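Note sheet for the following structure.
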Amino acid sequence: MPTATLATAPGAGLRLAELAEANRPTQLPLLTRIVELLDASEAVTHLLVRGSLASGTADRLSDVDFVVGVHDRDLPAFTAALDDLMTIAGGALLPGWRDTIVADLGGAGFVFLLQHEGKLQQVDLYLAPASRISTIQGQIAAKVLLDRPPAEITTTQIGQARRHLDELLARPRTCTELLIEHLVLAVLLHKRIQRGQRFVAYAEWHRLHTATKDLIKTALAPASGVWGWYRLREEIALTPIGRACLADLDVAITSPAIPDTAAVDAALDRVLKLTRRACPHALDGLADAVTAYRTYLELA
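For the sequence shown, my numbering gives the first residue as 17, with consecutive numbering after it.
Written out as structure tokens, the structure is:
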């Protein structure tokens with residue numbers, strides 16, 4: 017049976033229209049674009065919009081924040097195809113960042129950066145098994161845009177989805193993924209600075225420094241069994257490249273506790289140079305995307 021689309025599913029279209037009437041957000045064309053893209057997949061059973069767009073408090077900097085219910089049997093395949101779906105069909109500049117900030121609702125979060133009205137717009141997709149959606153709806157405030165009752169979900173499928181999520185969340189991040197984390201965090205920091213959110217900027221600035229440390233360790237000490245920030249000099253400062261990377265990290269951690277936009281841009285420049293020095297393969301296939309990203313960031 018063909019999958020319903022917004023044009024043929026009055027419930028979804030009506031709910032989107034109601035959201036637009038309540039909010040009239042500038043992100044509405046982007047939100048509609050993502051809804052239509054996800055709704056076209058037979059694996060998707062639910063779409064919930066949450067955050068400021070759901071509460072009617074969105075501003076021009078607000079992200080587009082979805083919970084995407086996926087049939088439990090389809091979750092591994094849908095997760096594997098998500099980057100291609102969002103970059104090729106959705107127009108995202110980069111593969112998604114596996115979100116380590118989002119609250120655990122029994123799924124996995126991904127952040128994508130899309131061009132919208134000449135600027136970078138953040139799109140958060142939280143993938144959750146369809147069997148979890150009713151529980152999630154009791155945990156968060158959200159507007160339902162799509163509610164397509166799934167076919168029968170077996171206990172075996174629920175177990176497979178859970179194992180997939182456990183493996184996904186436990187998998188160590190690659191240098192490419194850590195580079196993408198820096199790019200996403202730089203966008204978030206620009207947003208915090210524009211809004212005057214000093215406490216959140218402080219937290220995300222520290223997270224960016226931690227991502228830089230993780231990038232260095234992943235590139236130069238991938239077999240390290242040492243947790244966190246311990247024994248960095250003993251493990252990293254064994255080569256000229258390692259010492260140069262630690263010097264970059266020292267500059268980062270001695271910067272002001274709360275950054276301004278110039279500090280964020282300088283940090284991004286350092287990380288890109290560090291990546292070319294320590295793990296140039298992380299930029300394979302991303303050079304054009306990073307160039308476009310820098311152009312949009314300058315226009316923000």
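Backbone N, C-alpha and C define an ideal beta-carbon position, used for all residues, glycine too.
Keep in mind that this is a model prediction, so the values were computed, not measured.
In this chain, the beta strand (DSSP E) harbouring residue 62 covers 60-66. Under the DSSP assignment, residue 139 falls in the beta strand (DSSP E) whose first and last residues are 135-145.
Here the C-alpha atom of residue 275 lies approximately 26 Å from the C-alpha atom of residue 125. Counting only runs of 4+ residues, the alpha helix (DSSP H) found wholly inside the region 75-142 occupies 91-100, in chain order. When secondary structure is reduced to three states using DSSP, residue 53 falls in the helix class. Contact check between the region 50-64 and the region 155-170: three or more CB pairs, one atom from each, fall below 8 Å, which counts as touching. Exclusion of the five residues before and after residue 262 leaves 232, 248, 249, 252 and 253 as the residues of its chain whose Cβ lies within less than 8 Å of its Cβ. Taking a C-beta distance under 7 Å as the contact criterion, residue 223 and residue 216 do not qualify as a contact pair.
Rounded to whole angstroms, the gap between the alpha carbons of residue 184 and residue 140 is 17 Å.
Here the C-alpha atom of residue 295 lies approximately 28 Å from the C-alpha atom of residue 180. Taking a contact as a CB-CB distance under 8 Å, the pair residue 291 and residue 299 counts as one, their CB atoms being some 6 Å apart.
In the structure shown, residue 161 falls within a strand segment according to DSSP collapsed to helix, strand and coil. Contact between residue 293 and residue 267 is ruled out by a C-beta separation of about 14 Å, above the 8 Å threshold. Of the residues 186, 84 and 134, the one whose Cα lies closest to the Cα of residue 42 is 134. Residue 184 carries a helical assignment under DSSP once its states are collapsed to helix, strand and coil.
Annotation for residue 240: 233 and 251 place their beta carbon closer than 7 Å to its own, counting only its chain and skipping 5 residues before and after. When secondary structure is reduced to three states using DSSP, residue 230 falls in the helix class. Around the beta carbon of residue 206, 16 or more other beta carbons sit within 10 angstroms, so the residue counts as buried. For the options 47, 211 and 227, the alpha carbon positioned closest to that of residue 190 is the one of 227. For residue 245, the three-state secondary structure derived from DSSP is coil. Judged by beta-carbon spacing, residue 113 lies beyond the 7 Å limit of residue 220, meaning their Cβ atoms are not closer than that value. Under the three-state reduction of DSSP, residue 308 is assigned to helix.
Looking only at 280, 272 and 188, the smallest Cα-Cα distance to residue 238 is reached by 188. Counted as a single uninterrupted DSSP element, the alpha helix (DSSP H) harbouring residue 150 occupies residues 149-153. If you draw a straight line from the Cα of residue 302 to the Cα of residue 151, it comes to about 38 Å. For residue 154, the closest C-alpha among the options 175, 52 and 121 is that of 121. The shortest C-alpha to C-alpha distance from residue 110 to any of 116, 117, 101 and 213 is the one to 101. In summary, residue 116 is exposed, with fewer than 16 beta-carbon neighbours lying within 10 Å of its beta-carbon over all protein chains present. For residue 258, the uninterrupted alpha helix (DSSP H) segment begins and ends at 256-269. With a cutoff of 7 Å on beta-carbon distance, residue 143 and residue 123 are scored as near each other.
For residue 175, the three-state secondary structure derived from DSSP is helix.
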